[in-house]
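**Q** Going letter by letter, the sequence shown gives residues 8 to 343 in the numbering used here. Virtual Cβ for every residue (Gly too), placed ideally from N, Cα, C. As the structure is a computational prediction, the values presented were derived from the model and not from experiment.
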Amino acid sequence: MQRGKIATGIDSKGVGNRKMPNRYSGKDIAILVPTKDRPDNMKKLLDSFAQQTVQCGRIIVVASGMNIEEVVMGYVDRLKVSYHCCPLPGQIRQRNMGIGLLDDSTPLVGFFDDDIVLEHDAVERMLESWNQTGPNTAGIACNITNAPAWSPNLLKIIFGIGGMNPGKIMKSGRATSLCNVSSDIQTDWLPGGVTFWRQDVIKEFHHKEIDTRRAIMEDVYFSYPIGKKYDLFVCHQSRVRHEHTFVPSNKSTEYTFYGFVETVMGIHFVGRHRELSFLWFIWMTLGFIASDLMKGILSGDKQMFYRAKGRTQGLLLWLKMHPARENTSELLKTLN
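Set out below in structure tokens:
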């Protein structure tokens, strides 16, 4: 299979395409959107779905926090949308609740974050990709166009932060970006909030909830095991924008927590997959700490020092507890 094209015929996992091509249409798609306290973002997202050249079969919004039912159901005359309340926050928890509401009428399921805006033909282009792909394809992601494309450099390669290609999982457990691609690519992982999955696959691979307010890497946790069995792609013509709106109330605390969570979850991720290396992870994390400190010194941005502090705390906690590879989940208890 040539890189840069959605798989057809014999796919990369050796499964022959012996059946007729897919014949998916918009009615075969359900969209799941977990959200919390972002009515303005939801308006932008739902507006972009309402403006699509191909409409989806249903849209399921699962909200925690403030009640935005009036906002969501204001689109009922334009979209087949439903609103559901989740008593406890947590993106994974809310998404799993949405999965429980699915039925057999929508064999494709799109996971979308509430801060995504689709170009008018994104769903149409995605359907074209699904109707060209082979039977072993599990998921195809949209192309986030307002984020930098993956750009390899020598330091990233030396520290195991990245390789030459986008969408790869390095030996260190680090995922290389798959944003703003110029052609269709096959990947090792897919982002959590812009991806269309086969419904049977997401039910085969249950996404266990992680009890933390910042579920960093949750998309890598979920998609990487799927990519070992099935094919994953990014469709470069299905374009979206990520209008990130997170503003921490306490930057020093939040940046420290971010560095800590990213490190602890990275350790656990490496622990779950024996082909990945703890030595490479340590080396990569030391590289990140050095990079944060250098950025802080050169730019005067104190937040970089706080992030380096969080990374250091996570690394020291792991070295202190030193759990066996199969017991790294014990570290996740510190994220509560």
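Within the same chain, show all residues whose beta-carbon is closer than 8 Å to that of residue 218, passing over the 5 residues directly before and after it, in chain order.
**A** 97, 339, 342 and 343
**Q** Less than 8 Å between the C-beta atoms of residue 150 and residue 63, yes or no?
**A** no
**Q** Sort 38, 313 and 176 by Cα distance to residue 110 and report the nearest one.
**A** 38
**Q** Tell me the rounded alpha-carbon separation between residue 114 and residue 225.
**A** 23 Å
**Q** Within 10 angstroms of its Cβ, does residue 321 collect 16 or more other Cβ (buried), or is it exposed?
**A** buried
**Q** What residues in its chain sit with their C-beta under 7 Å from that of residue 128, if we drop five residues either side in the sequence?
**A** Apart from sequence neighbours up to five positions away, the residues of its chain that approach residue 128 with a beta-carbon distance below 7 Å are 60, ordered along the chain.
**Q** Report buried or exposed for residue 326, applying the criterion of at least 16 other Cβ atoms within 10 angstroms of its Cβ.
**A** exposed
**Q** If you follow the alpha helix (DSSP H) that residue 277 is in, where does it begin and where does it stop?
**A** 258-279
**Q** Since residue 315 contacts residue 289 with CB under 8 Å, what's their CB separation in whole angstroms?
**A** That pair is no contact at about 15 Å.
**Q** Just to confirm, are residue 68 and residue 248 a CB contact at a threshold of 8 Å?
**A** no
**Q** Starting from the Cα of residue 74, find the closest Cα among 100, 56, 46 and 88 and give me that residue.
**A** 46
**Q** Comparing C-alpha positions only, which one of 270, 131 and 65 sits nearest to residue 82?
**A** Ranked by Cα distance from residue 82, the first of 270, 131 and 65 is 65.
**Q** In chain order, what are the residue ranges of uninterrupted alpha helix (DSSP H) at least 4 long that sit wholly in the stretch 104-184?
**A** 129-137 and 161-165
**Q** Helix, strand or coil for residue 338, going by three-state DSSP, please let me know.
**A** The three-state reading of DSSP puts residue 338 in helix, counting H, G and I together.
**Q** Please name the residue, chosen from 184, 165, 167 and 180, that lies closest to residue 174 on a Cα-to-Cα basis.
**A** 184
**Q** Let me know the secondary structure DSSP gives residue 67 once reduced to three states.
**A** strand
**Q** Is it true that the CB of residue 237 sits closer than 8 Å to the CB of residue 317?
**A** The answer is no: Cβ separation not under 8 Å.
**Q** Excluding sequence positions up to five away, which residues of its chain have a Cβ less than 6 Å from the Cβ of residue 294?
**A** So the list reads 166, once near-sequence residues are dropped.
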